[in-house]
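Reviewing the structure listed below.
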Amino acid sequence: MSMQNPVKERIAKLRDEIAQISEANRLYLQPGRKPHSAAGDHTRRLQRLQDILDELVALTDWKKL
-4 MSMQNPVKER IAKLRDEIAQ ISEANRLYLQ PGRKPHSAAG DHTRRLQRLQ
46 DILDELVALT DWKKL
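Position one of the sequence shown corresponds to residue -4 (the numbering used here), numbered consecutively onward.
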């Protein structure tokens, strides 16, 4: 059980980060002019979402043991 709280805390932080990325993506997808760097920022956000997914899988894999 000692592992439970750090895992829950990490998941909570990842959820907050996902919410921030989601909002940034929502703004990116709105019509209008986008700065040249916006596409690169969007690509980095998508990569970070994949990294978060990988981390969530790793955090929950210990339950399968």
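Quick reminder that beta carbons are idealized off the backbone N, C-alpha and C, glycines included.
Supposed close pair residue i, residue j - CB separation, criterion 8 Å
| i | j | result |
| --- | --- | --- |
| N20 | H37 | 7 Å |
| L48 | I6 | Contact flag wrong, Cβ pair sits at about 12 Å. |
Buried versus exposed call for residue i [16 or more other C-beta atoms within 10 Å across all chains shown]
| i | result |
| --- | --- |
| E4 | exposed |
Sequence-distant residues of its chain with Cβ nearer than 8 Å to residue i (five each side left out)
| i | result |
| --- | --- |
| A33 | Y23 |
| L44 | I13, I16 |
Nearest candidate by alpha-carbon position, reference residue i, set the options
| i | options | result |
| --- | --- | --- |
| S17 | L41, L54, L51, D56 | L41 |
Chain-order list of residues whose beta-carbon lies under 7 Å from that of residue i (same chain, five-residue window excluded)
| i | result |
| --- | --- |
| V52 | none |
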